[in-house]
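Residue numbers for the sequence shown follow my numbering, so the first one is 189 and each next one is one higher.
Everything below concerns the one structure shown next.
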Amino acid sequence: MSERFLVVPVARAFGDEPDGDSVLDAGDERRGSVPILRYSREPNKYGDGNPRESRPFINNTDDDKGTLYDRKNMALFEEEMDSNPMVSSLLNKLANYTNLTQGVREHEEADEDEGAKKKTVKSPQMGTFIGVYLPCLQNILGVILFLRMTWIVGTAGILESFIIVSMCCSCTMLTAISMSAIATNGVVPAGGSYYMISRSLGPEFGGAVGLCFYLGTTFAGAMYILGTIEIFLTYIVPSAAIFKAEEKAQEADALLNNMRVYGTCCLTLMALVVFVGVKYVNKLALVFLACVVLSILAIYAGVIKTIFEPPVFPVCLLGNRTLQNHGFDKCMKTEIIDNVTVTTKLWSLFCEGPELNASCNEYFSLNNVTEIQGIPGLTSGLISENMWGSYGPAGMLVEKAVPSVPASDASQDIYMPYVANDIATFFTLLVGIYFPSVTGIMAGSNRSGDLRDAQRSIPIGTILAIATTSIIYLSCVVVFGACIEGVLLRDKFGDSVKGNLVIGTLSWPSPWVIVFGSFFSCCGAGLQSLTGAPRLLQAIARDGIVPFLQVFGHGKANGEPTWALLLTAVICESGILIASLDAVAPILSMFFLMCYLFVNLACALQTLLRTPNWRPRFRYYHWALSFLGMSLCLALMFISSWYYALVAMLIAGCIYKYIEYRGAEKEWGDGIRGLSLNAARYALIRLEEAPPHTKNWRPQLLVLLNLDSELSVKHPRLLSFTTQLKAGKGLTIVGSVLEGTFLRRESDAKRAEQSIKSAMAAEKTKGFCHVVVSSNLHDGFSHLIQSAGLGGMKHNSVLMAWPANWRQSNDPQSWRNFIETVRETTAAHQALLVAKNVDSFPHQERLAEGTIDVWWIVHDGGLLMLLPFLLQQHKVWRKCKMRIFTVAQLDDNSIQMKKDLQMFLYHLRLNAEVEVVEMHDSDISAFTYEKTLVMEQRSQMLKQMHLSRTEREREIQSITDESRSSIRRKKQSGAHGSAVNNQNASLDDDKQDEAQLIHDRNTASHAALNDKSDATPERVHMTWTKDKFCTERTRTREPNASKAVRDLFNMKPEWESLNQSNVRCMHTAVRLNEVVVNKSQGAHLVLLNMPGPPKSRGGDENYMEFLEVLMEGLNRVLLVRGGGREVITIYS
189 MSERFLVVPV ARAFGDEPDG DSVLDAGDER RGSVPILRYS REPNKYGDGN PRESRPFINN
249 TDDDKGTLYD RKNMALFEEE MDSNPMVSSL LNKLANYTNL TQGVREHEEA DEDEGAKKKT
309 VKSPQMGTFI GVYLPCLQNI LGVILFLRMT WIVGTAGILE SFIIVSMCCS CTMLTAISMS
369 AIATNGVVPA GGSYYMISRS LGPEFGGAVG LCFYLGTTFA GAMYILGTIE IFLTYIVPSA
429 AIFKAEEKAQ EADALLNNMR VYGTCCLTLM ALVVFVGVKY VNKLALVFLA CVVLSILAIY
489 AGVIKTIFEP PVFPVCLLGN RTLQNHGFDK CMKTEIIDNV TVTTKLWSLF CEGPELNASC
549 NEYFSLNNVT EIQGIPGLTS GLISENMWGS YGPAGMLVEK AVPSVPASDA SQDIYMPYVA
609 NDIATFFTLL VGIYFPSVTG IMAGSNRSGD LRDAQRSIPI GTILAIATTS IIYLSCVVVF
669 GACIEGVLLR DKFGDSVKGN LVIGTLSWPS PWVIVFGSFF SCCGAGLQSL TGAPRLLQAI
729 ARDGIVPFLQ VFGHGKANGE PTWALLLTAV ICESGILIAS LDAVAPILSM FFLMCYLFVN
789 LACALQTLLR TPNWRPRFRY YHWALSFLGM SLCLALMFIS SWYYALVAML IAGCIYKYIE
849 YRGAEKEWGD GIRGLSLNAA RYALIRLEEA PPHTKNWRPQ LLVLLNLDSE LSVKHPRLLS
909 FTTQLKAGKG LTIVGSVLEG TFLRRESDAK RAEQSIKSAM AAEKTKGFCH VVVSSNLHDG
969 FSHLIQSAGL GGMKHNSVLM AWPANWRQSN DPQSWRNFIE TVRETTAAHQ ALLVAKNVDS
1029 FPHQERLAEG TIDVWWIVHD GGLLMLLPFL LQQHKVWRKC KMRIFTVAQL DDNSIQMKKD
1089 LQMFLYHLRL NAEVEVVEMH DSDISAFTYE KTLVMEQRSQ MLKQMHLSRT EREREIQSIT
1149 DESRSSIRRK KQSGAHGSAV NNQNASLDDD KQDEAQLIHD RNTASHAALN DKSDATPERV
1209 HMTWTKDKFC TERTRTREPN ASKAVRDLFN MKPEWESLNQ SNVRCMHTAV RLNEVVVNKS
1269 QGAHLVLLNM PGPPKSRGGD ENYMEFLEVL MEGLNRVLLV RGGGREVITI YS
């Protein structure tokens, strides 16, 4: 039975509660777009049970609005339940993210126009061995091992071959470590390396490297097809060659032409197979893998057999030169048949005729023919002889280090049947040819959508596969050099052993095992390249970052990339027309190396920048390893072929610039200064183009400070906490407000700014300082919230201290400013952090082991879970463990909630203890009623005091006006005398006027103080605390308990007259405070959801009481209010 969530509207609180029959208007203005979701197991009548995702966690829908929210326990939060739903109603949906369709389209995007229903995605079941290890093994072991490994060992020698293999394997191992970190940093949908790089380094790098990886995969397909044809024409059916060489010098050209013809035919056939259906390729994957494994086993079996019984593969030498064993069957010049000396077929190859007196080649005449064993065996001692390399130009003869008589004329050697180098050989060339044999490490990450636990399987499977293949390659270098004769190792095509595959001569039981195994292995690898490359191009095209490629995002009705397959076949054909495996290998090496370089760069940058979303589950990585891998990739690119490396970098750079500047107008600066200013302006404009993605979100703080009369910072620990939270990353603006006018307080503003900067330096807070002079504090803080920052460098969070003495303050404006600040941050869609007892927060001393407790009551973007993780990155909080508490209601399954929350945290890569606190609906206690009664009486009393003060101020103002008018009348009647006397009189009158006004103001201030002093005893007398109520409750157990109980019940008429909304909110605050104090009183820090202020300003003082009750008995508290957007995601 499918599961769905129903949208439930909620009732308003704080005295602004609508009637029970009213429903929420769809056009109501809300802070967020997330409805409250109630969990339902009824069949979904509106679809297939998989609602579309338009936010990182929560599905938006406005349907099925039903019954009112009537729970008493969460009444304090119910006014905003339409934007901040209860955690319990969302946990199951948050945890079961795997129901999302994973494909080439991003998981964050919602295609609103798509009408077709999504298919239900089956739960992935592949494990580490089947899903990652074997595919990587199959992709890494391939054509180079079977066709070129022996030739590389013979040419470079054991020592240099070992260095080549070690460098390449180290490069892929370091890349795999970086890739594992990226792949385990959230859910990686299908897309492989392109997805990881584009989402880590942005669309420009992603597009450039994605296309490089696509080209590398495409040329890899060409290389595998050329390998298939080389095996077919050289070792299986040599007679099938269309072009035949009449002379030895034409053999190379004939072979290339045959490769082009047969390669084109093979490409066409493979493209048709891929076009018809990928399922056939997938069905044959196991067969191709079995061929690879059997071939490897046959090699090792043959190596072991050489210890006891080496195979018989003789190699014929003329002097010290190796001969091609095609046109003769006996390695001798003459033989005796019936006591008659006759010449052999070898004689005819070097002489003008079969006669003994025929004219022969000079070198043939001067040197004898010898026959040596091509495979002497593991115990033959060849390892020392093959230790060093033998490089040379094209056409250099393959010679053994034995004495010989040189000929005076060597011009005819190219026409003789000697084994010679077909290309010039040198160390860097061999690096480029060998590197494709270690590619294929992305096979596991490309299958991330099919894995049961991708975050565990990808690192383990990939690293184990690389380790296995590295051991195979390194051991092959040693055993090939120890078992096979050097001249045979340097014989690329096996001409000296009658055209046998050199590695096949070592295998057991037959060379044909290796021949057919390598043939089918190359076929399978070619098919997989032609299958994967078009899908990668389709993913890039559908992302829309390269406009001219958008046509390749379309395909057949079932999603098969038809146009992308056509382009892939065309590019692959260009590689086949090159026709040389040795020429194609360095090309694809460049593209793969560039891809691996940027994987390492992405990991290094993410680690060094310490972005909040960078939380890989794979812990064994370091930026230095990634930097080393990046440097090794760059070095290998230029070692292999510097001109190919420059071309590949030029292609990637052009793509990068095209993506970056498409549609943008260029502006020319005036020198270095203009360039610098333009870069700064461009960066700010780019930041302002769009809001940051969820994974890039970090708190950009505006810290609101209060200054004392000496313009010193009241709470410097607020700056310490900012430093610990930010760790020098992101934007920090420290702001404060001075009352007055800027013209009069300009010097004070500068002094205040210097004071704040000194405090920031002392607390090691990196950021900007901004002091505003305003007529009142409220307007000043409002201006800071609205206008602080520049362009895209604006704050998204506000940090301030809790007004601790708001109850003792006779001026209600202090706490009203606080509530208005809360309202304005909400309206500006900014997060709000309020620190209680901020002076007790740690300074620079490291805290002992303890806990940071998160009380996740409602979901408002995930900021509650991100903040402890950021704090734990600082040395002060590093030893603190995170605990997450959430509240279960009566109809919630607390056991399932805990499992879902643990699963959700696992996907978030957060380590935290989880506890679900059951808080069932209960009757409202007498203590709650008393608390509410005292709160309302105090509120009423403050209103009366405010009215009395207003009346007195009006009376004082009237007296002031009368005195001012009398002074003016005297000044008019006393005007006489000369101009000098008039001037003196006017000055005296101004002084009298000023003195009279000062006297009136003092009178007013004294009256106000008397009013305050008269009101204070009443306010203190009305205070009702929890301790007092506990004392009264214990007195009920005394003999006169019955009287006390009667007095308690006599108060019920007053309770009934209370605002029931206030009673329910107070009940929420009291109950939550009880469970929080019970669980978290000893925590180093407690993070709580901050309820929103009432929409009606008439309940502001009640709101302060609710918050005070909620935090009562806790030392360090951080109230957190989200900004109306998701700030944490399970995705990479």
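Heads up, the beta-carbon is just placed ideally off N, CA and C, and yes, glycines get one too.
> When the Cβ atoms of the segment 503-514 are set against those of the segment 346-361, are three or more pairs found closer than 8 Å?
Replying inline: no
>> Using the Cβ count rule (16 or more neighbours within 10 Å means buried), how would you classify Gln1018?
In response: As a first step, residue 1018 must be located in the sequence shown, where it is residue number 830. Buried, because 16 or more other Cβ atoms sit within 10 Å of the Cβ of Gln1018.
> Which residues bound the beta strand (DSSP E) around Glu927?
Replying inline: In the sequence shown, counting from the first residue as 1, residue 927 sits at position 739. Residues 920-927.
>> Using a Cβ distance threshold of 8 Å, determine whether the segment 437-452 contacts the segment 793-812, with at least three qualifying pairs required.
In response: no
> Between Pro273 and Leu872, what straight-line distance do the alpha-carbon atoms span, to the nearest angstrom?
Replying inline: Position 85 of the sequence shown holds residue 273. Position 684 of the sequence shown holds residue 872. Approximately 35 Å between the Cα atoms of the pair.
>> For the beta strand (DSSP E) containing Cys1068, name the first residue and the last one.
In response: Indexing the sequence shown from 1 puts residue 1068 at position 880. Taken as a continuous stretch (DSSP letters only), the beta strand (DSSP E) holding Cys1068 covers 1068-1076.
> Residues bridged to Glu587 by DSSP?
Replying inline: For the purposes of this step, residue 587 is taken as residue 399 along the sequence shown, with counting starting at 1. Beta-bridge pairing links Glu587 to Arg509.
> Closest to Thr1097 by CA distance: which of Ile365, Ala642, Leu347, Lys1283 is it?
Replying inline: The residue given as residue 1097 occupies position 909 in the sequence shown. It is worth fixing the name first, because residue 1097 is Arg in this sequence and not Thr. Checking every option, the nearest Cα to that of Arg1097 belongs to Ala642.
> Cβ atoms of His983 and Leu889: under 8 Å apart, would you say?
Replying inline: As a first step, residue 889 is located in the sequence shown; it is residue number 701 there, counting from the start. As a first step, residue 983 is located in the sequence shown; it is residue number 795 there, counting from the start. Going by C-beta atoms, Leu889 is nearer than 8 Å to His983.
>> Using a Cβ-Cβ cutoff of less than 8 Å, which residues in the same chain neighbour Pro391 once the five nearest sequence positions on both sides are dropped?
In response: By one-based count along the sequence shown, residue 391 stands at place 203. Cβ within range, chain order: Asp731, Ile733, Ile847.
>> Pull the bridge partners of Asp1041 from the DSSP assignment, please.
In response: Position 853 of the sequence shown, counted from the first residue, corresponds to residue 1041. In the DSSP output, where bridge partners are listed per residue, Asp1041 has Arg1071, Val1274.
> Would the beta-carbon of Val959 fall within 8 Å of that of Ser924?
Replying inline: Along the sequence shown, read from residue 1 onward, the residue named residue 959 stands at position 771. Along the sequence shown, read from residue 1 onward, the residue named residue 924 stands at position 736. For Val959 and Ser924, yes; Cβs fall inside 8 Å.
> Under three-state DSSP, which class holds Gly1301?
Replying inline: As a working mapping, residue 1301 is identified with position 1113 in the sequence shown. Of the three classes helix, strand and coil, the one that applies to Gly1301 here is coil, per DSSP.
> Cα-Cα, which of Glu941, Leu1298, Tyr1291 is closest to Cys957?
Replying inline: Within the sequence shown, residue 957 is the residue found at index 769, counting from 1. The shortest C-alpha separation from Cys957 is found at Glu941.
>> Threshold first: 3 residues or longer. Then list the beta strand (DSSP E) segments lying entirely within the segment 421-459, N to C.
In response: none
>> Please return the same chain residues whose Cβ sits closer than 7 Å to the Cβ of Ala608, not counting the five positions on each side in sequence.
In response: Taking the first residue of the sequence shown as 1, we reach residue 608 at position 420. Contacts found: Gly583, Met584, Leu585, Val586.
> Along the chain, where does the beta strand (DSSP E) that runs through Phe707 open and close?
Replying inline: Walking along the sequence shown from the start, residue 707 turns up at place 519. It is not in any beta strand (DSSP E) - Phe707 instead sits in the alpha helix (DSSP H) that spans 699-731.
> Distance, Cα to Cα, Ala833 vs Phe681?
Replying inline: By 1-based counting over the sequence shown, the position of residue 833 is 645. By 1-based counting over the sequence shown, the position of residue 681 is 493. Distance between the alpha carbons of Ala833 and Phe681 is about 29 Å.
>> Could you tell me the alpha carbon to alpha carbon distance between Ile492 and Ile484, rounded to whole angstroms?
In response: Sequence index remark: in the sequence shown, residue 492 carries index 304 (1-based). Sequence index remark: in the sequence shown, residue 484 carries index 296 (1-based). Each residue's Cα considered, the two are about 13 Å apart.
> Shortest alpha-carbon distance to Ile651 belongs to which of Ser762, Asn884, Ile328?
Replying inline: Taking the sequence shown and counting its residues from 1, one reaches residue 651 at position 463. Among Ser762, Asn884, Ile328, the Cα nearest to that of Ile651 is on Ile328.
> Whose C-beta lies closer than 6 Å to the C-beta of Ile766 among residues of the same chain, with five residues either side of it excluded?
Replying inline: Position 578 of the sequence shown, counting from 1, holds the residue named residue 766. Answer for Ile766: Val772, listed in chain order.
> What residues in its chain sit with their C-beta under 7 Å from that of Glu1120, if we drop five residues either side in the sequence?
Replying inline: Here residue 1120 refers to the residue found at position 932 when the sequence shown is read from its first residue. A small correction: the amino acid at residue 1120 is Thr; Glu does not occupy that position in the sequence shown. The answer, listed in chain order, is Leu1246, Asn1250, Val1251, Met1254.
> What residues in its chain sit with their C-beta under 7 Å from that of Gly315, if we drop five residues either side in the sequence?
Replying inline: Looking up residue 315 in the sequence shown gives position 127. Around Gly315: Arg640, Ser645.
>> Looking at the strands, I want to know which residues DSSP matches up with Ile651.
In response: Here residue 651 refers to the residue found at position 463 of the sequence shown. Per DSSP, none; premise fails for Ile651.
>> Taking the beta carbon of Arg1309 as the centre, do at least 16 other beta carbons fall within 10 Å, making it buried, or is it exposed?
In response: Taking the sequence shown and counting its residues from 1, one reaches residue 1309 at position 1121. It counts as buried.
> What are the start and end residues of the alpha helix (DSSP H) that includes Ala836?
Replying inline: Counted from its first residue, the sequence shown places residue 836 at position 648. First-last of the alpha helix (DSSP H) with Ala836: 830-849.
>> Taking 8 Å as the threshold (C-beta atoms), are Gly565 and Cys664 in contact?
In response: On the sequence shown, position 476 is the one that residue 664 refers to. On the sequence shown, position 377 is the one that residue 565 refers to. Taking 8 Å as the Cβ cut-off, Cys664 and Gly565 do not qualify as a contacting pair.
> In or out: Thr929 buried (at least 16 other Cβ within 10 Å) or exposed?
Replying inline: In the sequence shown, residue 929 corresponds to position 741, counting from 1. Exposed: under 16 other Cβ atoms inside 10 Å.
>> Using 8 Å as the cut-off, can you tell me whether the segment 471-484 makes contact with the segment 560-577, which would need three or more C-beta pairs spanning the two stretches below that distance?
In response: no
> Are Ala757 and Leu457 touching if we call contact CB-CB under 8 Å?
Replying inline: Here residue 757 is taken as the residue at index 569 of the sequence shown, counted from 1. Here residue 457 is taken as the residue at index 269 of the sequence shown, counted from 1. Contact flag unset, no.
>> Can you tell me whether Asn446 is buried or exposed? The criterion is at least 16 other CB atoms within 10 Å of its CB, across all chains shown.
In response: Against the sequence shown, residue 446 aligns to sequence position 258. Flag for Asn446 reads buried.
> What are the boundary residues of the beta strand (DSSP E) that includes Met988?
Replying inline: Position 800 of the sequence shown, counting from 1, holds the residue named residue 988. First-last of the beta strand (DSSP E) with Met988: 985-989.
> For Gln1060 versus Cys1068, is the C-beta distance shorter than 8 Å?
Replying inline: If you number the sequence shown from 1, residue 1060 lands on position 872. If you number the sequence shown from 1, residue 1068 lands on position 880. Yes, these two residues count as a Cβ contact at 8 Å.
>> Below 8 Å on the Cβ atoms is my contact criterion, and I expect Phe334 with Ser777 to pass it. Report the Cβ-Cβ distance as a whole number of Å.
In response: Within the sequence shown, the letter at position 146 stands for residue 334. Within the sequence shown, the letter at position 589 stands for residue 777. Not quite, the Cβ-Cβ distance comes to about 18 Å (not below 8 Å), so this is no contact.
> According to the Cβ coordinates, are Leu781 and Met825 closer than 8 Å?
Replying inline: Along the sequence shown, one-based indexing puts residue 781 at 593. Along the sequence shown, one-based indexing puts residue 825 at 637. Yes, Cβ-Cβ distance for Leu781 and Met825 is below 8 Å.
> Thinking just about the alpha-carbon of each residue, which of His1272, Glu1103, Asp1048 is nearest to the one in Arg1313?
Replying inline: The residue you call residue 1313 lines up with position 1125 of the sequence shown. Closest option to Arg1313, Cα to Cα, is Asp1048.
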